[in-house]
Every structure is written in C-alpha cells, then in structure tokens.
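Those letters in the sequence shown? Residues 4 to 338, by the numbering used here. Idealized CB from N, CA, C, for every residue including glycine. Remember, it's a predicted structure, so these values are computed and weren't measured experimentally. Contents: one structure, followed by commentary.
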Amino acid sequence: MAQIAGTTDTYDVGAAGGNFEDLADVIHDLFPDENFLQANLAAETCSAVNPEWMAQELAAPGTNAVLEGDDAPFSDAPQPSRYGNYTQILRKTFLISGTQEAVDSAGRRSEIARQATKQMREIMNDFEWALVRNQAAVAGASGTPRQMASIETWIGGTPSATAAGNVVRTTGSTGGTFTEVTSGFPTTAITDAGSPSAFTQAAAELALEGAWDEGGNTDTILCSASVKNVVNGFTGIAQRQVDVGRTEQASITAAADLFVSNYGTHRVVLHRHARNNVCLFLDTSMWSIKTLRDWSLEELAKTGDGEKRMITAEKTLCAHNWRANSKVVGIDPAA
Numbered sequence: 004m005a006q007i008a009g010t011t012d013t014y015d016v017g018a019a020g021g022n023f024e025d026l027a028d029v030i031h032d033l034f035p036d037e038n039f040l041q042a043n044l045a046a047e048t049c050s051a052v053n054p055e056w057m058a059q060e061l062a063a064p065g066t067n068a069v070l071e072g073d074d075a076p077f078s079d080a081p082q083p084s085r086y087g088n089y090t091q092i093l094r095k096t097f098l099i100s101g102t103q104e105a106v107d108s109a110g111r112r113s114e115i116a117r118q119a120t121k122q123m124r125e126i127m128n129d130f131e132w133a134l135v136r137n138q139a140a141v142a143g144a145s146g147t148p149r150q151m152a153s154i155e156t157w158i159g160g161t162p163s164a165t166a167a168g169n170v171v172r173t174t175g176s177t178g179g180t181f182t183e184v185t186s187g188f189p190t191t192a193i194t195d196a197g198s199p200s201a202f203t204q205a206a207a208e209l210a211l212e213g214a215w216d217e218g219g220n221t222d223t224i225l226c227s228a229s230v231k232n233v234v235n236g237f238t239g240i241a242q243r244q245v246d247v248g249r250t251e252q253a254s255i256t257a258a259a260d261l262f263v264s265n266y267g268t269h270r271v272v273l274h275r276h277a278r279n280n281v282c283l284f285l286d287t288s289m290w291s292i293k294t295l296r297d298w299s300l301e302e303l304a305k306t307g308d309g310e311k312r313m314i315t316a317e318k319t320l321c322a323h324n325w326r327a328n329s330k331v332v333g334i335d336p337a338a
C-alpha cells in the first residue's frame with residue numbers, strides 16, 4: 004500500500020524536528036586483553052634501568068674415581084655469567100575537555116574515569132605483548148627508547164636436527180638464526196628459521212626433553228588459539244568428565260588444559276598475544292618481572308580548558324635461567 008498524501012512521518016520530523024534518540028546508556032566494550040604472565044610471574048623491584056643477575060650451570064656428570072691416598076689437584080673454579088635486561092617505559096595519555104566532562108554522557112558518568120580504566124587495560128596489554136614476543140633488548144639513547152628483551156628472544160639455542168626440525172633447545176652449538184645468549188643482553192631479535200611445518204606431539208615432547216635435560220621443569224605450555232587447537236589433539240591431554248543432571252543439557256568439553264608427558268604435567272595456556280607460529284614451553288619459576296616504577300595515573304599541569312592524564316610504568320623481564328625453557332617455532336597451524 005502507498006502512504007496517504009500529507010502524512011507526517013519520522014523521516015519528516017527526525018531528531019532535529021523533535022523526536023528523541025533511543026541511545027542505550029551503556030557502552031559494550033570489547034577488551035581482548037591478556038595478563039597471564041603479569042599475574043603468574045614473580046614480582047620483583049629494581050633500582051636501575053639495566054638490572055643484572057648471574058646464572059650458571061652444573062658441570063656435565065662423568066666418571067669420578069680417584070686413587071687411595073692421592074693428592075688433590077686444583078683447577079680454576081667456573082664462575083657464573085652475568086646477564087641483564089633493560090627497563091622499558093610504557094605510557095598512555097588522554098585529554099578531556101572541560102565541556103565533555105560536564106555534559107550528560109551516555110554509558111558513563113565521567114569520561115575521565117572511563118578513559119583511565121580503558122587505557123590502563125591497554126597499557127597493561129602492551130606490556131604483556133612485550134613480555135611474550137620476540138623483541139630484542141635495546142639500550143636506548145637520547146633519541147631512542149629503551150626496550151626489554153622478550154621471552155622468545157631469551158630462549159635461544161639451535162633448532163634441533165632430530166625428529167622435529169623446528170624445536171629450539173638451548174643445548175648444543177649455536178648457529179643459524181638462533182643464537183644462545185651466553186652473557187650480557189640479548190640484543191638481536193630472534194627470527195624464524197626453516198620452512199613452516201606442522202606442529203606435532205613429537206615436537207612438543209622434544210622441546211620438553213630439551214628443557215628437562217637442562218634442569219628445567221616445564222609447568223606451562225603457552226600458545227595462540229590456532230596452535231592450541233593442534234595441542235587439543237595430542238594423546239597426552241588429560242581427559243575431563245562433566246556430570247550433568249537428567250534434565251540438564253550436556254555440555255561439550257573440547258579444551259585441553261593439561262598435557263601429561265614423561266616430564267610432568269603441564270598446563271596449556273591460551274594466550275592472545277603469542278605469535279601464531281610459536282609454542283613456548285616455560286618453567287615459570289625461572290622468570291620474573293622487575294619494576295623500577297609501578298603503574299601510575301598522574302594529573303598533568305593544566306594549560307587550557309581540559310583535563311590531562313598520563314599513565315606510566317617502567318618494567319622489565321628477568322630471565323633467571325632461560326635454559327630451563329624451550330620452544331617450537333615455524334609452526335604452520337593449518338598443516
């Protein structure tokens with residue numbers, strides 16, 4: 004049917020003509036944040052921009068038998084190596100006009116409070132991203148910001164030449180695009196080597212073996228969603244059963260939270276910021292987060308008709324002994 008001539012409708016009136024808007028008084032936020040490492044690694048403090056520590060390995064075991072009455076010889080005792088990382092300054096800022104803070108806003112009472120909450124989550128997201136990626140240590144200069152070396156960069160070593168060619172263990176000779184950190188700061192970002200290949204259970208077990216050989220006890224397998232979909236199919240995944248009542252709908256449980264291997268029980272953690280072609284095998288007791296300046300929300304000097312805020316922190320990653328960890332790289336999750 005056609006509209007009768009002369010009808011006044013919403014197209015004629017519109018918002019300008021007097022019709023009220025129907026705007027829900029809520030903001031539906033989507034926050035893909037991730038703070039697993041910040042929540043699970045030990046927290047420590049530091050007092051310099053380049054905190055350092057020492058690490059050492061035991062000598063390889065071997066035959067130890069001496070003659071009766073033999074005089075004891077001596078040799079120089081091996082000394083620990085010195086390592087370090089650089090603190091990284093993180094910052095978020097926002098400026099809200101006086102008028103915007105005064106008007107009646109939909110979904111929030113205060114734009115300042117909303118932005119403080121939102122951007123605090125964002126800056127913590129940035130730090131989590133820096134922790135898990137393959138970022139190199141940068142000493143910084145007057146025109147260059149300092150950067151900390153990330154977990155991937157610390158786990159150096161050489162891709163294994165055995166069953167799974169993309170497994171990285173810190174044992175063995177250095178070479179290729181993976182170089183073991185022997186002292187100081189890892190200033191070269193780890194790059195991927197070899198051709199992308201399927202992620203197999205054999206690769207995972209070889210990575211666990213490499214960490215165990217060094218004295219590590221892998222408690223966490225950290226990976227992206229696409230890699231975890233592969234892990235879900237491993238035969239070492241712990242089975243879970245969920246009891247439901249007769250009148251309740253049964254749920255489907257398809258997530259793998261625990262992987263049991265010869266080297267223990269390892270929790271499988273889904274991480275939003277892990278690279279899609281890497282799986283990390285971590286002994287979390289060997290890592291910590293050092294803080295020079297903790298999270299801070301500051302009100303900056305007022306220079307106009309607005310409110311200025313700045314969120315800052317200065318932190319770094321401490322790899323007490325990265326040899327207790329390993330990884331699988333060059334993963335093609337679709338293979």
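- The shortest C-alpha to C-alpha distance from residue 193 to any of 56, 215 and 280 is the one to 280.
- Annotated three-state conformation of residue 278 is coil, per DSSP.
- Closest option to residue 81, judged by alpha-carbon separation, among 328, 63, 266 and 306: 63.
- Following the DSSP letters along the chain, one finds residue 289 in no alpha helix (DSSP H), marked with neither H nor E.
- Between the region 269 to 280 and the region 301 to 308, the count of Cβ pairs shorter than 8 angstroms is below three; the stretches do not touch.
- Around the beta-carbon of residue 207, 16 or more other beta-carbon atoms lie within 10 Å, marking it buried.
- In the displayed model, residue 97 falls within a strand according to three-state DSSP.
- Taking 8 angstroms as the upper bound for CB-CB distance, residue 158 and residue 330 are in contact here, some 5 angstroms apart.
- The closest CA to that of residue 217, considering only 190, 58 and 38, is found on 58.
- Here the alpha carbons of residue 95 and residue 66 stand approximately 59 angstroms from one another.
- If you look at residue 135, you'll find it isn't in any beta strand (DSSP E); it sits in the alpha helix (DSSP H) that goes 114 to 135.
- Using a Cβ distance threshold of 8 angstroms, residue 219 and residue 124 do not count as a contacting pair.
- In the displayed model, residue 39 falls within a helix according to three-state DSSP.
- Nearest in C-alpha terms to residue 190, of all of 119, 137, 132 and 229, is 137.
- Counting other Cβ atoms within 10 Å of its Cβ, residue 151 reaches 16 or more and is therefore classed as buried.
- For residue 332, the secondary structure class from DSSP, reduced to helix, strand or coil, is coil.
- Between the beta-carbon of residue 131 and that of residue 38 there is about 6 angstroms, and that keeps the pair under the 8 angstroms contact cut.
- Sorting 56, 126 and 114 by C-alpha distance to the C-alpha of residue 101 places 114 at the top.
- Distances from the CA of residue 129 to each of 50, 314 and 295 were compared; the closest alpha carbon is that of 314.
- For residue 268, the enclosing beta strand (DSSP E) starts and ends at 267 to 273.
- Just measuring C-alpha positions, the residue of 134, 328, 185 and 187 sitting nearest residue 224 is 328.
- Assignment of residue 203 by DSSP, reduced to helix, strand and coil, places it in the coil class.
- The beta carbon of residue 287 sits closer than 7 angstroms to the beta carbons of 43, 44, 222 and 223 from its chain, once the five residues preceding and following it are set aside; these are given in chain order.
- Between the alpha carbons of residue 265 and residue 211 lies a distance of about 9 angstroms.
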